[in-house]
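Enquirer: Residue numbers 252 to 758, in this note's numbering, belong to the letters of the sequence shown in order.
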Amino acid sequence: MPNSELTKMTTMKKPEKILIVGGGTAGWMAANLLVSRWKDIDVCLLESTEIGIIGVGEGSTPHLKFFFDAIDVADSEWMPRCNATYKNGISFANWSSIPGFESYFHPFPAQTDDVFTVPFFFSNIKARMQGNNVNAHPDHYFLETYLTRANLGPIPAESFPFGVAYGYHFDSGLLGQFLAEKAMSRGVKRILGTITEVVLDANGSLAAVRLDDDSLLDASFFIDCSGFKSLLLQGALKATFKSFKENLFNNAAVVMPTAISEIIPPETRSTALSNGWAWKIPLTNRYGNGYVYSTDYITPEQAEIELRQHLNLVDSDVAARHLQMKVGRVEKHWEKNCLAVGLSQGFIEPLEATALALSFNTISLFMAHYEKGLYTNQFEDAFNKEVNAKFDSVRDYIVCHYKVNQRKDTDYWKDNAANTYLSETLNQILYFWQRGGDFAKNMYMNNLVGSYQPKSWACLLAGYGVFPPLTSDAKAAQFKPVQDMEQLADFIRRCGLNFKQHNELLH
Ligand SMILES: Cc1cc2nc3c(=O)[nH]c(=O)nc-3n(C[C@H](O)[C@H](O)[C@H](O)COP(=O)(O)OP(=O)(O)OC[C@H]3O[C@@H](n4cnc5c(N)ncnc54)[C@H](O)[C@@H]3O)c2cc1C
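1) For Asp-475 versus Ser-595, is the C-beta distance shorter than 8 Å?
2) Does the distance from the C-beta atom of Cys-589 to that of Leu-451 stay below 8 Å?
3) Using only CA atoms, which one of Glu-432, Ala-387, Gly-687, His-652 lies nearest to Gly-768?
4) Got a sec: does ligand 1 put a non-hydrogen atom nearer than 7 Å to the Cβ of Phe-598?
5) Whose C-beta lies closer than 7 Å to the C-beta of Asn-402 among residues of the same chain, with five residues either side of it excluded?
6) Would you list the one or two residues that DSSP bridges to Leu-574?
7) Going by Cα to Cα distance, which pick from His-561, Asp-422, Leu-394 is closest to Gln-362?
8) Look up His-561 in the DSSP assignment and say whether it is helix, strand or coil.
9) For Leu-425, which residues from the same chain have a beta carbon less than 8 Å from its beta carbon, with the 5 sequence-adjacent residues on both sides left out?
10) Could you tell me which residues DSSP pairs with Ser-586 in its beta bridges?
11) Using only CA atoms, which one of Leu-297, Asp-365, Asp-390 lies nearest to Thr-447?
12) Take Leu-488 as the anchor and find which of Glu-582, Gly-701, Ile-599 has the nearest alpha-carbon.
13) Kindly provide the ranges of any alpha helix (DSSP H) runs that are 4 or more residues long and lie completely inside the region 631 to 717, ordered along the chain.
14) Which same chain residues end up closer than 6 Å to Ala-523 when comparing Cβ atoms and leaving out the 5 residues on each side of it in sequence?
15) Please find out if some non-hydrogen atom of ligand 1 comes closer than 7 Å to the beta-carbon of Cys-476.
16) On the criterion of 16 or more Cβ atoms from any shown chain inside 10 Å, does His-758 qualify as buried, or is it exposed?
17) Please classify Tyr-538: does DSSP put it in a helix, a strand, or coil?
18) Can you have a look at Asn-678 and say buried or exposed, based on whether 16 or more other CB atoms are within 10 angstroms of its CB?
19) When the Cα atoms are used, what is the spatial distance from Ile-292 to Asn-283?
20) I'd like to confirm the pairing. Which residues does DSSP put opposite Thr-519 in its beta bridges?
21) Quick check: the Cα distance between Asp-390 and Leu-712, rounded to an integer number of angstroms?
22) Would you kindly work out how many angstroms separate the C-alpha atoms of Asn-454 and Leu-270, rounded to a whole number?
23) Report the residue from Ser-436, Thr-722, Ala-633 whose alpha carbon sits nearest the alpha carbon of Met-618.
24) If the criterion is Cβ atoms closer than 8 Å, does the pair Ile-649 and Leu-607 meet it?
25) If you scan the region 403 to 446 from start to end, which runs of the beta strand (DSSP E) of 3 or more residues do you find wholly inside it?
26) Can you tell which of Thr-491, Ala-490, Phe-356, Glu-600 has the C-alpha that lies nearest to the C-alpha of Tyr-235?
27) Spatial neighbours of Ser-481 within its chain, please: CB distance less than 7 Å, with the 5 preceding and 5 following residues excluded, ordered by chain position.
28) Using 10 angstroms around the beta-carbon of Asn-563, count the other beta-carbons present and answer buried if the total reaches 16, otherwise exposed.
29) Please name the residue in Leu-574, Ala-640, Asn-498, Asp-469 whose C-alpha comes closest to that of Asn-667.
30) Got a sec? Which residues, its chain only, sit under 8 Å from Glu-256 by beta carbon, not counting five neighbours each side?
31) Compare the C-beta of His-388 against all C-beta atoms of chain D and say whether one is closer than 8 Å.
32) For Asp-662, is the classification buried or exposed, using 16 other Cβ atoms within 10 angstroms of its Cβ as the cut-off for buried?
33) With C-beta atoms as the reference, is His-420 less than 8 Å away from Thr-519?
34) Please report how far the alpha carbon of Glu-555 lies from the alpha carbon of Thr-399, in whole angstroms.
35) Any heavy atom of ligand 1 closer than 7 Å to the beta-carbon of Glu-448?
36) Can we count Glu-309 as close to ligand 1, meaning its CB is less than 7 Å from some heavy atom?
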């Protein structure tokens, strides 16, 4: 194809054809969202059977529910196909060695929180920061924590008037297959082939990709979902990558499955190990497990041995998979006629399972900005700024887990606690926590609320026991909490009567 023709195709008007490069979860999510909103655009997806997908990423936030709502797919349709289970939140064990704070649960939001429990939680935190001996451990305040401890799923009886947000656990390979079938049934064309060259036009925009059979695939707009390689955005367009290595040390993971228990817990478990942390994700047919660690502190062989010990698999021949992680993000997720989604735009390690949420947000925001700009790059800068803010605020929340960890057993944990490469936002959040006072109000007043609400920050900091020493008994005795803990426990227990056992819900 002559260059002049390719140039014509990349001029910025409503695209006739969009080519998605990559058929991992990010690529098929993008394909489904595009066809569900832009009915008159030809959407093709190219994937390479030779290269395959990363095949991890089995936990989500409530954004995956928002995604399925956006493409009009019910839980009952996709969950059984993907061995999926419900997730009320994440429990964190052994991140703190302070007595009484060895574990805590980070629940997803429920409407009961804001009305009944968050104000009480914050008032007790304020009192605890003043040295009063009050109960400020997050596990006693939230409905979803109660549901999880009782193995209850997150879907209430219809008569229950409060909404409860939830996420999922799923087999990422099966999810990809389900999404591929759904997208193709709605008009997306799948192409198989491996890219050998990316062709630019005279303006430096993307014009076409050359495949291993020497054919050229052109399009007016390209979505790069090629994984960590980022063939189009970072490869051909040379987008700058900003590494987060200074504040997030982990760069590798080792993964292996174990048998599922009879009772399937509605939570991800995150357990701190010697040089990182291990996830335990329940699917209907197995647990997915992985140890996320830093190769600066431990070798892949040592990590595998430690994970096997943690899972009681020392004598088992179950195979382990070793993975590298590139942690950071690009400076521009949308440049010229290319948008990157998924690992090709960046990755923050999997501690809070945020990658698919960021992919969903990226595609949704892009579609809104592209439409608003009448299919031109008018809002490219605003979009990139917004996506960067989302990545950075997730990063800050993850960094905080490491910064305030309360372990002293290895250099890894000590170096994380001593790490001074913190963003200005994270420094301010930690300042307002240490200062005491109204933490939530200070976060809002100082524009510090990003991807995580003050409740989530407070769960993390209170959950690790980041409190000053208690003052004398005399002062503690004078403090009267605004509400009775037993009444609160009874309220939450009564709410819990509206929920089914997780196993029953899955059936
Ligand atoms: C250890 C680990 C744990 C994770 N845990 C979570 C989690 O709990 N929750 C979560 O949300 N996310 C998690 N993630 C992230 C998650 O795995 C990814 O965001 C998700 O799988 C999407 O990946 P992707 O589609 O961007 O890339 P991939 O799955 O790598 O897909 C890349 C695609 O590009 C194609 N491709 C590559 N090169 C070429 C070429 N030359 N020609 C043609 N096609 C090509 C491949 O064929 C493939 O289809 C985790 C990641 C890691 C590393």
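We put the beta carbon where it would ideally sit given N, CA and C, even for glycine.
Expert: In short, the structure shows the following:
1) Counted from its first residue, the sequence shown places residue 475 at position 224. Counted from its first residue, the sequence shown places residue 595 at position 344. Taking 8 Å as the cut-off, the Cβ atoms of Asp-475 and Ser-595 count as close.
2) Numbered from its first residue, the sequence shown carries residue 589 at position 338. Numbered from its first residue, the sequence shown carries residue 451 at position 200. Contact: no.
3) Nothing can be reported for residue 768, as the shown portion of the chain is limited to 252 through 758.
4) By one-based count along the sequence shown, residue 598 stands at place 347. The nearest non-hydrogen atom of ligand 1 is less than 7 Å from the C-beta of Phe-598.
5) Taking the sequence shown and counting its residues from 1, the one referred to as residue 402 is at position 151. Contacts found: Ile-514, Pro-516, Pro-517, Gln-752, His-753.
6) As a working mapping, residue 574 is identified with position 323 in the sequence shown. DSSP lists Ala-504 as the bridge partner or partners of Leu-574.
7) Along the sequence shown, read from residue 1 onward, the residue named residue 362 stands at position 111. The shortest C-alpha to C-alpha distance from Gln-362 to any of His-561, Asp-422, Leu-394 is the one to Leu-394.
8) What you label residue 561 is simply residue 310 of the sequence shown in a count that begins at 1. Under the three-state reduction of DSSP, His-561 is assigned to helix.
9) Stepping through the sequence shown from its first residue, residue 425 is reached at position 174. Closer than 8 Å at Cβ, skipping near neighbours: Arg-332, Cys-333, Asn-334.
10) Counted from its first residue, the sequence shown places residue 586 at position 335. The amino acid occupying residue 586 in the given sequence is Glu; Ser does not appear at that position. Note: Glu-586 is bridge-paired with Cys-589 in the DSSP secondary-structure output.
11) Against the sequence shown, residue 447 aligns to sequence position 196. Nearest C-alpha to Thr-447: Leu-297.
12) Here residue 488 corresponds to residue number 237 of the sequence shown, with the count starting at 1. Distances from the CA of Leu-488 to each of Glu-582, Gly-701, Ile-599 were compared; the closest alpha carbon is that of Glu-582.
13) The DSSP assignment places 631 to 654, 662 to 669, 675 to 686, 690 to 696, 705 to 714 as complete runs of the alpha helix (DSSP H) inside the region 631 to 717, in order along the chain (cut-off: 4 residues).
14) Start at 1 with the first residue of the sequence shown, and residue 523 comes out as number 272. These residues qualify, in order along the chain: Asn-345, Trp-346.
15) The count along the sequence shown starts at 1 and reaches residue 476 at position 225. Answer for Cys-476: yes, Cβ within range of ligand 1.
16) Translated into the one-based positions of the sequence shown, residue 758 becomes position 507. So His-758 counts as exposed.
17) As a first step, residue 538 must be located in the sequence shown, where it is residue number 287. Here DSSP, grouped into helix, strand and coil, assigns Tyr-538 to strand.
18) Along the sequence shown, read from residue 1 onward, the residue named residue 678 stands at position 427. With fewer than 16 other Cβ atoms within 10 Å, it is exposed.
19) Along the sequence shown, read from residue 1 onward, the residue named residue 292 stands at position 41. Along the sequence shown, read from residue 1 onward, the residue named residue 283 stands at position 32. The C-alpha of Asn-283 is placed about 12 Å away from the C-alpha of Ile-292.
20) Against the sequence shown, residue 519 aligns to sequence position 268. Answer is Ile-341, bridged to Thr-519.
21) As a working mapping, residue 390 is identified with position 139 in the sequence shown. As a working mapping, residue 712 is identified with position 461 in the sequence shown. If I take the Cα positions, the gap works out to 12 Å.
22) Working through the sequence shown from its first residue, we reach residue 454 at position 203. Working through the sequence shown from its first residue, we reach residue 270 at position 19. Their Cα atoms are separated by approximately 19 Å.
23) Translated into positions along the sequence shown, residue 618 becomes position 367. Comparing alpha carbon positions, the residue from Ser-436, Thr-722, Ala-633 closest to Met-618 is Ala-633.
24) Stepping through the sequence shown from its first residue, residue 649 is reached at position 398. Stepping through the sequence shown from its first residue, residue 607 is reached at position 356. In this structure, Ile-649 sits away from Leu-607, with a CB-CB distance that is not shorter than 8 Å.
25) Within the region 403 to 446, the complete beta strand (DSSP E) runs of at least 3 residues are 403 to 407, 418 to 420, 440 to 443.
26) Past the edges of the chain, shown from 252 to 758, lies residue 235, and the structure says nothing about it.
27) Stepping through the sequence shown from its first residue, residue 481 is reached at position 230. Result list for Ser-481: Asp-475, Ala-591, Ser-595, in chain order.
28) If you number the sequence shown from 1, residue 563 lands on position 312. Residue burial is scored here from C-beta neighbours: Asn-563 has fewer than 16 other C-beta atoms within 10 angstroms and is therefore classed as exposed.
29) Your numbering for residue 667 matches position 416 in the sequence shown. The shortest C-alpha separation from Asn-667 is found at Asn-498.
30) The residue labelled residue 256 in the question sits at position 5 within the sequence shown. With a pLDDT of 41 at Glu-256, under the threshold of 50, the modelled position of this residue cannot be trusted, and the question is left open.
31) Among the protein chains of the structure shown there is no chain D, as only one such chain exists.
32) Looking up residue 662 in the sequence shown gives position 411. Per the 10 Å Cβ criterion, exposed.
33) Here residue 420 refers to the residue found at position 169 when the sequence shown is read from its first residue. Here residue 519 refers to the residue found at position 268 when the sequence shown is read from its first residue. At a Cβ-Cβ threshold of 8 Å, His-420 and Thr-519 count as neighbours.
34) By 1-based counting over the sequence shown, the position of residue 555 is 304. By 1-based counting over the sequence shown, the position of residue 399 is 148. Put simply, the backbone Cα of Glu-555 is about 29 Å away from that of Thr-399.
35) On the sequence shown, position 197 is the one that residue 448 refers to. Within the chosen limit of 7 Å, ligand 1 does not reach the beta carbon of Glu-448 with any heavy atom.
36) Your numbering for residue 309 matches position 58 in the sequence shown. The answer is yes for Glu-309.
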